[in-house]
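S.K.: Just so you know, the sequence shown maps onto residues 1 to 340 in full-length UniProt numbering.
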Amino acid sequence: MEDLRIATIGTSMITGQFLEAVGLVDGITFAGAYSRSLEKAEEWSRAHGADRAWDSLDALAADDSVDAVYIASPNLLHAEQALKMIGGGKHVLVEKPLGTTRAEARRVFEAAREKGVVAMEAMRLVHDPAWRVVAENLHFLGTLRRASFPYGKYSSRYDKVLAGEQTNIFDPAFATGALMDIGIYPLNALVLMLGEPDDLMCFADTVDVTGDGGTIDLCGTVLFDYPDAVATVSYSKVTDDRLPAQIEGEKGTMIVDSVPQPRRIEVFYGDGSSQVLPVPGRKNRTDHEVGNMEFEVADFLAACRGELSLERLNENTLAVIGIMDTVRLREGIVFPHDEG
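Following this line, the structure appears as structure tokens:
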């Protein structure tokens with residue numbers, strides 16, 4: 001079977017990590033890079049072993065030497081660029097969030113379905129076998145009552161905000177902020193493990209970074225209500241969160257050391273005993289974040305070959321973005337292009 005030929009939109013650190021992950025998966029090959037600067041695209045392609053480059057999205061979408069496109073541009077452009085690539089018959093792997101609203105993300109999935117191509121959000125934790133281990137062992141906890149999913153990572157670009165400078169990562173014009181960039185991880189863990197909640201309450205620390213009402217969130221907490229359980233998600237781009245995720249049942253508690261990339265899963269039972277659950281499938285055992293990106297790459301390849309259905313994961317994507325719509329609405333986090 002021929003390799004899937006994938007191009008990239010974006011030349012950021014995350015794109016470099018993605019290409020490292022591509023190198024860990026058989027059956028997929030880097031075809032070349034797009035950048036608004038052709039010189040930069042050519043330089044990026046050469047540095048990563050490819051000989052094609054584009055400075056036109058239309059040309060990339062029409063290029064028959066490309067089967068799929070990985071999109072890692074600013075959040076604001078994800079859905080727009082995905083729709084253009086889908087229009088050219090390309091499979092798309094879109095960095096999170098796939099769309100800035102649920103309606104936008106749904107349009108991408110519907111367009112892909114109509115065109116007969118794959119659209120998938122690059123949310124690595126939902127493809128990580130470690131979270132599959134968590135799901136497969138939840139029954140040992142008995143009736144689930146409580147869960148918490150924290151993730152906080154200090155952004156060095158916040159220093160620019162403190163100095164009165166503007167940066168895309170903290171600019172509502174680019175549909176960014178703590179919820180969109182960090183909160184989306186624990187929200188995915190929540191929905192993956194517990195499903196969609198019945199109700200929520202939310203709290204966010206926001207700041208006007210533009211001086212003209214451009215509100216962005218720095219950190220936040222969301223409380224969720226389920227028929228028989230409650231849960232919390234906390235997130236931050238201005239602090240480092242060192243707490244593990246915790247899922248509590250009447251017979252035991254499960255501790256997951258990291259939401260985005262679990263390495264240790266331990267269950268503590270009501271009788272005082274405990275058990276460490278093995279985490280399978282690791283090729284890269286370092287602390288480098290590429291460590292579990294390979295799993296999303298492998299699943300994307302399988303989906304493009306018709307070997308894997310993404311229906312459930314795409315529904316999860318819509319559920320999470322829908323939750324973010326609600327949180328933004330309640331906390332007054334508005335992006336210039338928001339509909340309605």
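No residue lacks a Cβ here, since even glycine has one placed at the ideal position from N, Cα and C.
Which two residues bound the contiguous alpha helix (DSSP H) that contains residue 293?
M.R.: Taking the sequence shown and counting its residues from 1, one reaches residue 293 at position 293. 293–304 is the span of the alpha helix (DSSP H), which, as asked, contains residue 293.
S.K.: In the DSSP assignment, find the unbroken beta strand (DSSP E) run with residue 243 in it and report its ends.
M.R.: By one-based count along the sequence shown, residue 243 stands at place 243. Careful: residue 243 lies outside any beta strand (DSSP E) and carries neither H nor E.
S.K.: Return the CA-CA distance between residue 49 and residue 195, expressed in angstroms with no decimal places.
M.R.: Looking up residue 49 in the sequence shown gives position 49. Looking up residue 195 in the sequence shown gives position 195. Whole-angstrom Cα-Cα distance: 41 Å.
S.K.: Does the region 302–316 come into contact with the region 30–37, if we say contact requires no fewer than three beta-carbon pairs (one atom in each stretch) closer than 8 Å?
M.R.: No, they do not touch.
S.K.: For residue 186 versus residue 150, is the C-beta spacing smaller than 8 Å?
M.R.: Mapped onto the sequence shown, residue 186 falls at position 186. Mapped onto the sequence shown, residue 150 falls at position 150. It is a contact, given that the beta carbons lie within the stated cut-off.
S.K.: Please state the DSSP three-state secondary structure of residue 323.
M.R.: Here residue 323 is taken as the residue at index 323 of the sequence shown, counted from 1. The answer is helix: DSSP assigns residue 323 an H, G or I state.
S.K.: DSSP on residue 341, reduced to helix/strand/coil?
M.R.: In the structure displayed, the chain extends from 1 to 340; residue 341 sits before or after that span and is not available.
S.K.: If you draw a straight line from the C-alpha of residue 249 to the C-alpha of residue 269, how long is it?
M.R.: For the purposes of this step, residue 249 is taken as residue 249 along the sequence shown, with counting starting at 1. For the purposes of this step, residue 269 is taken as residue 269 along the sequence shown, with counting starting at 1. Each residue's alpha carbon lies about 9 Å from the other.
S.K.: If I measure Cβ to Cβ from residue 263 and keep anything under 7 Å in the same chain, skipping five residues before and after, which residues do I get?
M.R.: The count along the sequence shown starts at 1 and reaches residue 263 at position 263. Around residue 263: 257 and 279.
S.K.: Look at the alpha carbon of residue 68 and the alpha carbon of residue 252, and state the distance between them as a whole number of angstroms.
M.R.: Position 68 of the sequence shown, counting from 1, holds the residue named residue 68. Position 252 of the sequence shown, counting from 1, holds the residue named residue 252. Those two C-alpha atoms are separated by around 44 Å.
S.K.: Specify whether the region 165–177 and the region 73–88 touch according to this definition: at least 3 beta carbon pairs, one from each stretch, less than 8 Å apart.
M.R.: Yes, the region 165–177 touches the region 73–88.
S.K.: If I'm right that residue 338 touches residue 101 with Cβ under 8 Å, what's the distance once you round it to whole angstroms?
M.R.: On the sequence shown, position 338 is the one that residue 338 refers to. On the sequence shown, position 101 is the one that residue 101 refers to. About 7 Å separates the two Cβ atoms, so the contact holds.
S.K.: With a CB to CB cut of under 7 Å and the five nearest residues on each side skipped, what residues in its chain are close to residue 157?
M.R.: Here residue 157 refers to the residue found at position 157 when the sequence shown is read from its first residue. If we look at residue 157 and ignore the five residues flanking it on each side, its Cβ neighbours are 167, 169 and 170.
S.K.: Kindly indicate the opening and closing residues of the alpha helix (DSSP H) around residue 86.
M.R.: In the sequence shown, the residue the question calls residue 86 occupies position 86. 78–87 is the extent of the alpha helix (DSSP H) around residue 86.
S.K.: Report yes if the C-beta distance between residue 328 and residue 179 is below 8 Å; otherwise report no.
M.R.: Here residue 328 refers to the residue found at position 328 of the sequence shown. Here residue 179 refers to the residue found at position 179 of the sequence shown. It is a contact, given that the beta carbons lie within the stated cut-off.
S.K.: Taking just the CA atoms, how far does residue 62 sit from residue 148?
M.R.: For the purposes of this step, residue 148 is taken as the residue at position 148 of the sequence shown. For the purposes of this step, residue 62 is taken as the residue at position 62 of the sequence shown. Looking at the two C-alpha atoms, the distance is approximately 45 Å.
S.K.: Report the rounded CA-to-CA distance for residue 208 versus residue 46, giving the unit in angstroms.
M.R.: If you number the sequence shown from 1, residue 208 lands on position 208. If you number the sequence shown from 1, residue 46 lands on position 46. If I take the Cα positions, the gap works out to 41 Å.
S.K.: Assign residue 329 to one of three DSSP states: helix, strand, or coil.
M.R.: Numbered from its first residue, the sequence shown carries residue 329 at position 329. Reduced to three states, the DSSP call for residue 329 is helix.
S.K.: Measure the beta-carbon distance from residue 59 to residue 131 and round it to whole angstroms, keeping in mind my assumption that it falls under 8 Å.
M.R.: In the sequence shown, residue 59 corresponds to position 59, counting from 1. In the sequence shown, residue 131 corresponds to position 131, counting from 1. About 38 Å separates the two Cβ atoms, so there is no contact after all.
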